[in-house]
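Residue numbers (my numbering): 26 to 157.
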């Protein structure tokens, strides 16, 4: 069989938890992830994120910041408090890309952040970097 180098470079078929309360953003992210056959589970708030993480054991978490019930910063702090998620890459999805927002994400324990609107190239590059 032919080897698909693009898929390899992008890391395919990984377990990714997407935490996003906006259906439009969610649909776009899911469409982008489907390109590389990732197994994706969705949560709509921080509380669901914690529950889903424990069931699904994701290799990477995409975490929206502003959500109902529990925001992404609090959900990240709680996940980081659990030994199983100390090393899991958690990428913030945020429309607020200022230095304070980035700092806040990192202080909460997030690994990196992706600014919204998400640009395809930086999205895949960041994912590949954290899924090595």
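Ideal Cβ placement from N, Cα and C applies to all residues, glycine included.
At a Cβ-Cβ threshold of 8 Å, residue 94 and residue 70 count as neighbours. Leaving aside the five residues that flank residue 87 on each side, the residues in its chain whose CB is nearer than 6 Å to its CB run, in chain order, 43, 116 and 118. Our two residues, residue 53 and residue 64, have alpha carbons roughly 15 Å apart in a direct line. For a cut-off of 8 Å, the C-beta gap from residue 155 to residue 114 is around 4 Å, short enough to register as a contact.
Around the beta carbon of residue 98, 16 or more other beta carbons lie within 10 angstroms, which makes this residue buried. A straight line joining the alpha-carbon of residue 75 with that of residue 103 spans about 8 Å. Of all alpha-carbon atoms in 110, 126, 106 and 147, the one lying nearest the alpha-carbon of residue 83 is that of 110.
When beta bridges are read from the DSSP output, residue 86 appears opposite 42 and 115.
Closest option to residue 96, judged by alpha-carbon separation, among 72, 138, 85 and 105: 72.
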